[in-house]
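Here's the structure, in structure tokens; my notes come after.
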Amino acid sequence: MLMKTYLNIFQSFQNWIYPVIASCFTAIILLLSLSVEAQKPSSVEKTAREGYALRFTDSISSLNIQMKALELAKKNNNKEDEAICYAYLALTHRRLLHLREFAHYAELSYDVAATISDKRAKAYAAMAMASLRSYIDDKSNAIDYFLQAYDLFIKVQDYDMSARIGADLSYLFSSGSQIKVKKYADEALRYAIKSGNPESILHARLAVGSYLSDAIVSGNLPQWSEVVSFFNETIRLAEKDEGKIVSKSNIGIAYINLAVLYMNGPQPVDEEAFLSYLEKATYIAKQYDLKNIYRSSIGLKGQYFMQKGEYQYAENLFKEGIDYQLTLPYKDNDVLATFYSCLKDVSILQNNYKAYYEYDKLFARYNRLKHDHTTQQMLQNADARYESEKKISRIQQLEQENRLQEKNKLLGYAIAAVLLIGLIFMYRSYYYRQRYYQNREDNLQQQQANNELKVQLMEKETLENLAEKLSLERRLLRSQMDPHFIFNALGNIQSMILQHDPTMAVSYLGKFAKLTRQVLEQSRMETITLEDEIQTLRNYMELQQLRLNNSFDYEIHCNDDLDTDILLPPLLIQPFIENAVEHGLKPLLDRRGLLTLSFSVNEEDNILVCTITDNGIGLKESRKRRPKDAHRSLSSQITDERLRHMLKDNPHTEFRVEESDETDSSRGCVVILHIPIN
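According to the numbering used here, the sequence shown holds residues 39 to 716 in order.
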């Protein structure tokens, strides 16, 4: 139980330490190093780098020097230096926890780099954006930007940069794809060895050691020994080139990892080796003021002695860790809550419940502060992500508008050229035609008369062809309804046969045959009488009643002054009857369905008004039940096309679908059709 508690607590230490150190490490190295392709840094970049180096000791001077470097880059109109200076400023403000300025300069660096072709400047800009996205917990976009920088540094054969970014990518993938964790860690080590830089080699070996440690199976002694040997070699290389390694915290992390391996290794723990590595980590922490390394060393040692049974010594170590944390200029509530949690465990083991109560109150206090801080940080990060995404969206919109303007400009030039050529051609044609017809004036008048006659005949013929074409299109649109209806009807008959209901199937088939004959006859006609249309609809609704076990009733009403011999297009109303039954009445469970069909005439506009009302589940409920990828009804689409054709003849043609009054308990919907009368 103690071992499990230890693993949970200090795994959180490592999970927090690695990404922070890795991100900062990459930022420092990417900015202080140069790729092979870029050769030597400019004087402006050297000035900005010198200012960036002062961020830990004198932040004001650091920012002033970098701003002077930026002004000089703008004065020289050097976009490469300008992008790099913005990247320096972004990472300096990250160190100072100024999120707004951090985001501002990172986005400026990326925008400026996008206007030039220099791969090195683009790599720095992508790195700055990756650091920003990582800071605001936008892991997905952070990976995308890191991959951009990674590919660019590989292209310019900068193996040092490639190694460090590869290691950071491995850490970012740690909670997702283990295959990618191993891939980028191994690539980072290969590039680091190729570069020969001790700092890159240490950073890459820590990434490899991280996934090797995670892969250790409990009790697998050979694999454990291999990982320990790997970390011992890592420490040997780091101690050999300690003077060349800027990030001393990575050396401390290597010692901490070895101590953790011994805690997780064969029992009993090799106490001499375990304490030796912790002492070395503590020494590194004190020498270079590495607060996280020092706290982790104290915590690990306290956990070990608590597990060993030396409770008083463990308690003193935890208290020492708390006192040290309280001396720092900032309070890490997460670390304080962890130490007090360990003190609670010690109190339980000592049966000191009074102390446990006091420690629990302090634990609850710092744990609450930790959660409050986390919540505030999440809100701040969400706001930063929103502002950044809004700006990116605006930039993309502006780019699209610029591309559209360029296309419009080219189109304008093309149109002008065509018009110019046309004018020249027309002028030449007019000039030569005038000369040609000067001696044939009489013949020209006769020819013009003949041409006018031909034009009139062609216009007449064109109008007749157009009318015939529209008529053919309408017939084709109506014929498209037959396969749709036949498909649904045959499916219903098949369903009855499969349900061993031959009587119902035979009855349904008989009515279907009658209806099919009516549809076949009417599909060949341009118009039918209202009486024939009502008869067809009546047969159709009886078929639907039979199919749905008489679960609904229908009514047909015609105004007294309505002449049933008026003509209208055939098969226009049936699709809406089908929709009302299928989507409104069929799902109805709490009452008996009712479908009402009403006809009236608007003599002023020469319109037949058809109203289809159902008391079904209604439009909103129907849309909820319909699958998201449900395709639009074919019959409704065909009816839309037919009504659009009718608009050419009568502008009052339309149809509306409305929800019934929400105060009406029957719900349902209403379809209103305005059909031109022929």
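Built from N, CA and C at the ideal position, the CB exists for glycine as well.
Straight-line Cα distance separating residue j from residue i
i      : j      : result
Phe401 : Lys392 : 14 angstroms
Gly337 : Arg663 : 57 angstroms
Tyr143 : Asn288 : 28 angstroms
Ser97  : Leu137 : 15 angstroms
Glu696 : Glu580 : 25 angstroms
Ala242 : Glu309 : 28 angstroms
Lys84  : Glu118 : 13 angstroms
Leu461 : Cys123 : 56 angstroms
Gly717 : Ile386 : No answer is possible for residue 717: the residues shown for the chain start at 39 and end at 716.
Ser178 : Leu623 : 47 angstroms
Leu294 : Asn116 : Rather than Leu, the amino acid found at residue 294 in this sequence is Ile. About 45 angstroms.
Val265 : Ser212 : 18 angstroms
Met534 : Met542 : 7 angstroms
Gly247 : Phe268 : 7 angstroms
Lys329 : Thr365 : 11 angstroms
Ala551 : Gln438 : 58 angstroms
Arg132 : Lys106 : 19 angstroms
Gly706 : Gln582 : 18 angstroms
Gln472 : Asn481 : 13 angstroms
Ile174 : Leu135 : 11 angstroms
Ile453 : Tyr469 : 24 angstroms
Ser147 : Tyr162 : 8 angstroms
Asn488 : Tyr465 : 24 angstroms
Ser478 : Gln486 : Note on residue identity: the sequence assigns Arg, not Ser, to residue 478. Between Arg478 and Gln486, the C-alpha separation is close to 12 angstroms.
Those residues which DSSP pairs with residue i across a bridge
i      : result
Glu593 : Thr634
Leu605 : Thr567
Val709 : Ile650 and Val695
Pro714 : Ile645
Val307 : Val307 is not bridged to any residue.
Val639 : Leu646
Where the alpha helix (DSSP H) containing residue i begins and where it ends
i      : result
Asp206 : Tyr197 to Leu210
Pro613 : Gln612 to Asn617
Arg132 : Lys117 to Arg133
Ile360 : Tyr349 to Thr365
Lys286 : Run containing Lys286: none; DSSP gives neither H nor E here.
Ile231 : Gln216 to Ser233
Ile655 : Looking at the DSSP string, Ile655 is not in any alpha helix (DSSP H), and its letter there is neither H nor E.
Glu237 : Pro236 to Asp252
Ala375 : Asn371 to Leu387
Asp182 : Lys177 to Lys193
Ile174 : Ile174 -> no alpha helix (DSSP H), and no H or E assigned at all.
Thr769 : As displayed, the chain neither begins before 39 nor continues past 716, which places residue 769 out of reach and without an answer.
Arg333 : Lys329 to Lys346
Close beta carbons around residue i, own chain, < 8 angstroms, minus the five adjacent residues each side
i      : result
Ser71  : For Ser71, the predicted structure reports a pLDDT of 46, less than 50, and the residue's modelled location is therefore unreliable. The matter cannot be settled from this model.
Thr602 : Thr567, Leu568, Glu569, Ile572 and Cys596
Glu120 : Leu108, Ala111, Lys112 and Val150
His669 : Summary for His669: the model assigns pLDDT 49, below 50, so the residue's position carries little reliability; its value from the coordinates is reported in the next sentence. Correct list: empty, nothing qualifies.
Asp224 : Val246
Nearest neighbour of residue i, chosen from the options [CA to CA]
i      : options                           : result
Tyr188 : Lys160, Ile174, Leu108 and Leu170 : Lys160
Ala141 : Glu309, Ala168, Ala226 and Arg629 : Ala168
Lys112 : Asn640, Arg682 and Val82          : Val82
Ala245 : Ser285, Ala201 and Pro260         : Ala201
Leu185 : Leu210, Asp175, Leu635 and Tyr173 : Leu210
Leu610 : Val219, Leu711, Val266 and Ala323 : Leu711
Ser335 : Tyr351, Tyr326, Tyr321 and Glu348 : Tyr321
Leu606 : Leu633, Arg585 and Val647         : Val647
Gly303 : Ile254, Gln341, Lys286 and Asp176 : Ile254
Asp206 : Gln350, Asn114, Tyr222 and Lys232 : Tyr222
Glu692 : Arg705, Ser698, Gly706 and Thr677 : Thr677
Gln556 : Leu575, Ala454, Asn371 and Tyr546 : Leu575
Ile231 : Leu275, Ser208 and Ala487         : Leu275
Gln388 : Glu353, Asp370 and Asp361         : Glu353
Val544 : Arg585, Met563 and Leu627         : Arg585
Asn587 : Phe614, Leu600, Asn530 and His621 : Asn530
Asp652 : Gln363, Arg682, Val639 and Gly631 : Gly631
Spatial neighbours of residue i in its chain, beta-carbon cut-off 6 angstroms, leaving aside the 5 residues before and after
i      : result
Ala89  : The sequence shown places Gly at residue 89, rather than the Ala named in the question. Once the five neighbours on either side are set aside, the close Cβ partners of Gly89 are Ser100, Ile103 and Gln104.
Thr272 : Arg243 and Ala292
Ile715 : Ile604, Asn644 and Leu646
Range covered by the beta strand (DSSP E) that runs through residue i
i      : result
Ile650 : Ile645 to Asp652
Glu696 : Glu692 to Glu697
C-beta neighbour in chain B for residue i, strict 9 angstroms
i      : result
Tyr351 : Reference to chain B is not applicable here, since this structure consists of a single protein chain.
Nonlocal neighbours in the same chain, by C-beta distance under 7 angstroms from residue i, ignoring five residues either side
i      : result
Tyr300 : Val307, Asp308, Ala311 and Phe312
Ile192 : Ser200
Tyr349 : Val384, Leu387 and Gln388
Tyr404 : Asn371, Leu374, Ala375 and Tyr378
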